[in-house]
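The sequence shown begins at 73 in this note's numbering and counts up by one.
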Amino acid sequence: MKFLKQHANSLLLCLFEILVGTLLLINPAKFTVAILTAFGAVLIATGIISVLSYFGSDPVEAASSQSLFKGLLALVAGIFCVARSDWFIVAFPVLAVLYGVVVLIVGLFKVQWTVDLIRMKLGRWGLPAASAVVSLICSVVILGNPFGAAVALWIFTGVSLIVEAVLDIISIFMISAASGRSE
Numbered sequence: 073m074k075f076l077k078q079h080a081n082s083l084l085l086c087l088f089e090i091l092v093g094t095l096l097l098i099n100p101a102k103f104t105v106a107i108l109t110a111f112g113a114v115l116i117a118t119g120i121i122s123v124l125s126y127f128g129s130d131p132v133e134a135a136s137s138q139s140l141f142k143g144l145l146a147l148v149a150g151i152f153c154v155a156r157s158d159w160f161i162v163a164f165p166v167l168a169v170l171y172g173v174v175v176l177i178v179g180l181f182k183v184q185w186t187v188d189l190i191r192m193k194l195g196r197w198g199l200p201a202a203s204a205v206v207s208l209i210c211s212v213v214i215l216g217n218p219f220g221a222a223v224a225l226w227i228f229t230g231v232s233l234i235v236e237a238v239l240d241i242i243s244i245f246m247i248s249a250a251s252g253r254s255e
């Protein structure tokens, strides 16, 4: 039970990555459009609430909160996401580069994690190191974008999410077991 409390957030994030990776493998374009449409709907609802909040509050308080501006911005962004979700598919190469940068940053964080384990002499740093290498290789491949088709890159992204999440889950269990023995 203590293990689950300590690692619940990390494990949930890993399970979410596995789910997203699986959905990307099943139908990447529809999954992306569905996510963008849902995100747009949330933005629209948030925008409406913010605009109503602006008009329902004291004028001085409303002016300082800028909720009208925030609400209108959320409404415009939400309508764009719902009405033009296909634009994101067309803009995929730019989004892929941004994703590659995020994966690179995560890989560098995992390098830090591995070195920390080595320096603390906790052992069992091999799997986190492998996870770091996988992240760094995935980022190089994504940023290099050797794929001709966006669908191939979506499939690669789905597989890399699943592989990284599984390696992270195994690492969490191994590190938890190793640190439990060192206490």
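Glycine is no exception: its CB is placed at the ideal position from the N, C-alpha and C atoms.
Query: So, is Lys182 buried or exposed, given that buried needs 16 or more other C-beta atoms within 10 angstroms?; Result: buried
Query: At least one CB of chain C closer than 8 Å to the CB of Val178: is that the case?; Result: This model lacks chain C altogether, as it is built from one protein chain only.
Query: Cα-Cα, which of Leu145, Ser207 and Ala201 is closest to Gly172?; Result: Ser207
Query: Using a Cβ-Cβ cut-off of 7 Å (strictly less than) and excluding sequence neighbours within five positions of Phe160, which residues of its own chain qualify?; Result: Thr104, Leu108 and Leu167
Query: If you reduce the DSSP assignment to three classes, tell me which class Lys142 lands in.; Result: helix
Query: Using the C-alpha atoms, what's the distance from Gly143 back to Pro131?; Result: 16 Å
Query: Leaving out five residues on either side along the sequence, give the residues of the same chain with a beta carbon under 6 Å from the beta carbon of Arg196.; Result: Met246 and Ala250
Query: Start and end of the alpha helix (DSSP H) containing Leu194?; Result: Element bounds for Leu194: n/a, residue is neither H nor E.
Query: Going by the beta-carbon positions, is the gap between Ala149 and Leu170 smaller than 8 Å?; Result: no
Query: Rounded to whole angstroms, what's the CA-CA distance from Phe88 to Leu140? Just pull it up for me.; Result: 34 Å
Query: Would you list, in sequence order, the uninterrupted alpha helix (DSSP H) runs of no fewer than 4 residues that lie entirely inside the segment 73-148?; Result: 74-98, 100-128 and 131-137
Query: Taking 6 Å as the limit between beta carbons, can you name the residues of its chain near His79, skipping five residues before and five after?; Result: Ile244
Query: Can you name, in chain order, every residue of its own chain whose Cβ lies under 7 Å from the Cβ of Cys210, other than the five neighbours on each side?; Result: Val175 and Ser232
Query: Which value, in whole angstroms, describes the spacing of the CA atoms of Gly230 and Leu91?; Result: 9 Å
Query: Could you give the C-beta distance for Ala146 and Gly119, rounded to a whole number, given that I count them as a contact under 8 Å?; Result: 3 Å
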